[in-house]
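Below you'll find the structure, written out as structure tokens, and then a few comments.
Residue numbers (the working numbering): 25 to 469.
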């Protein structure tokens, strides 16, 4: 994936955006829905908050509810962006206007940027319009106006809507029908529901700095998804897609067989993926340093890591038996198994965490006792377990890299399946290594 962005004629992109904006406001039903999202829902929420304040709901309760209401009136219009973005390309196909659009002398980047800009303009106008109406109706005379939290919420909304739009546009590019696009939208709705719950929890905490950090993460996610969509956008491929595919089960089985066929052996695979392996290996010392600093400064309370930390330290002097060995082995296998699907959703971050998390616990233990005692808790089993975690982490990072790499010629599914197959094939060696590590931890720890 190239780093530089293609040249863009903003005037032409604006023409595409204006075209989509005219289509969006051409129906009375859509206009009424937008007005309701911008005016009716914020005013209804404000009436509830002010009613609670009038009937003596308690200052703390009213303040918290006012913030939750702000999140509520911003979230609902933001969800409207998903519908608009899903319709951006596949809707053009069903209206038989796609050929007209892609036959123009516009560049791919101009069409793509215009489509995204139109959806963002409508969605952000609804979000901020609703937020302004809500603030005017709620906080006037209330004696409470959390300016810093509201500004952080406004910024995180831009990033959140950008991520949803970018992901939905990718689906719209690859879906053949609107029905298929709506089904595939679950891959956006489920992760975004988790994101929204996290954002709601941060708003309830009332800590604006956490919302700023959340917004930073969403900026990275939106940028990655936007770049993925642009790299995978090709008018030739878009026009060449058939409305449906025959024998989907047979095609899926053939793709799986191809992913496991003619793949390199373990050592050759590790050599080809040496850069992801180095990244995964760096997670251990980085995590140890972060854990050591967190323990010394008290940035993370000991009660948060005490359960895991106590088992790590006690393992150096106890012989808990076969039951504990099975528990340790099962825990490690579960971590390796979860790293694979999470690698696709986190762009490989789960692979880095396979080494960062143990390193963090090790460093935290050292800050509470000593490096000698902390290292004794992972010796000698760490001589087997740590290399296994580095290999699994590196291969998971390759899966994540494949999941965010798109090309105009397509082949995304084949690349992800191939990287996944390499990870699964490596488990033939890594799972026995984890069993050996568990036995060493029990017998020699």
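Ideal Cβ placement from N, Cα and C applies to all residues, glycine included.
Out of 58, 177, 143, state which residue places its alpha-carbon closest to the alpha-carbon of residue 228.
177
Indicate the three-state DSSP secondary structure (helix, strand or coil) for residue 33 in the structure shown.
coil
Other residues of its chain near residue 196: CB distance less than 8 Å, five sequence neighbours each side excluded
109, 110, 111, 112, 113, 114, 115, 205
Between residue 44 and the ligand ATP, is the CB less than 7 Å from at least one heavy atom?
Inclusion of the ligand ATP in the displayed structure is not the case, the ligand content being empty and no account of it being possible.
Option nearest residue 353 by Cα separation, candidates 370, 429, 413, 257
Comparing Cα positions, the closest option is 413.
Contact check, residue 422 vs residue 297 under 8 Å by CB: the rounded distance?
5 Å
Give the list of continuous beta strand (DSSP E) stretches no shorter than 3 residues that lie fully inside the segment 383-436.
Counting only runs of 3 or more residues that sit fully inside the segment 383-436, no beta strand (DSSP E) segment turns up.
Suppose contacts are defined by Cβ-Cβ distances below 8 Å. Is residue 105 in contact with residue 147 by that definition?
By the CB criterion at 8 Å, residue 105 and residue 147 fall inside the cutoff.
Just to confirm, are residue 133 and residue 254 a CB contact at a threshold of 8 Å?
yes
Burial state of residue 415 (16 or more Cβ within 10 Å):
buried
Leaving out five residues on either side along the sequence, give the residues of the same chain with a beta carbon under 7 Å from the beta carbon of residue 259.
Cβ within range, chain order: 126, 132.
When 379, 33, 37, 322 are compared against residue 142, the one with the closest alpha-carbon
Checked all of 379, 33, 37, 322; the closest Cα to residue 142 is 37.
Taking DSSP as the reference, what is the three-state secondary structure of residue 286?
coil
In angstroms with no decimal places, state the Cα-to-Cα distance between residue 174 and residue 94.
8 Å
For the putative contact between residue 371 and residue 428, defined by C-beta atoms under 8 Å, what is the C-beta separation to the nearest angstrom?
5 Å
Within 8 Å, strictly: CB atoms of residue 458 and residue 357
yes
Identify which residue in 384, 96, 442 has its Cα closest to the Cα of residue 225.
96
Which complete alpha helix (DSSP H) runs does the segment 157-230 hold, if anything under 4 residues is left out?
171-198, 202-208, 210-229
Alpha carbon to alpha carbon, how far is residue 249 from residue 418? Give it in angstroms, no decimals.
22 Å
Where residue 168 and residue 91 are concerned, what is the direct C-alpha to C-alpha distance, given to the nearest angstrom?
Linking residue 168 to residue 91 through their CA atoms gives a straight-line distance of about 10 Å.
Stretch pair the segment 205-219 + the segment 147-159: three plus CB contacts closer than 8 Å
Remark: fewer than three beta-carbon pairs, one from each stretch, lie closer than 8 Å, so the segment 205-219 and the segment 147-159 are not flagged as touching.
Give the range of the alpha helix (DSSP H) segment to which residue 257 is assigned.
Annotation: residue 257 is outside any alpha helix (DSSP H) and is labelled neither H nor E by DSSP.
Where are the beta strand (DSSP E) runs, 3 residues long or more, that stay fully inside the segment 40-125, in chain order?
none
Using the beta-carbon count (16 or more within 10 Å), is residue 233 buried or exposed?
exposed
When you compare each of 188, 238, 89, 284 to residue 163 by their alpha carbons, which one comes out closest?
The residue with the shortest Cα to Cα distance from residue 163 is 89.
Could you check whether residue 186 and residue 144 sit closer than 8 Å to each other, using their CB atoms as the reference points?
Judged by their CB atoms, residue 144 and residue 186 are nearer to each other than the 8 Å cut-off.
What does the alpha-carbon distance come out to for the pair residue 314 and residue 426?
One C-alpha to the other measures close to 28 Å.
Going by C-alpha to C-alpha distance, which of 34, 139, 129, 99 sits closest to residue 48?
139
In whole angstroms, what is the alpha-carbon distance linking residue 191 and residue 317?
37 Å
As assigned by DSSP and simplified to three states, the class of residue 128
coil
Alpha carbon of residue 56 to alpha carbon of residue 117, nearest angstrom
Near 26 Å, if we compare the C-alpha coordinates of residue 117 and residue 56.
I need the straight-line Cα distance from residue 307 to residue 409, nearest angstrom please.
Residue 307 and residue 409 have their C-alpha atoms spaced approximately 14 Å apart.
With residue 471 and residue 420 assumed to form a contact (beta carbons below 8 Å), what rounded beta-carbon distance in angstroms separates them?
Absent from the model: residue 471. The displayed extent of the chain is 25 to 469, so no value can be given.
Thinking just about the alpha-carbon of each residue, which of 69, 66, 257, 46 is nearest to the one in residue 430?
257
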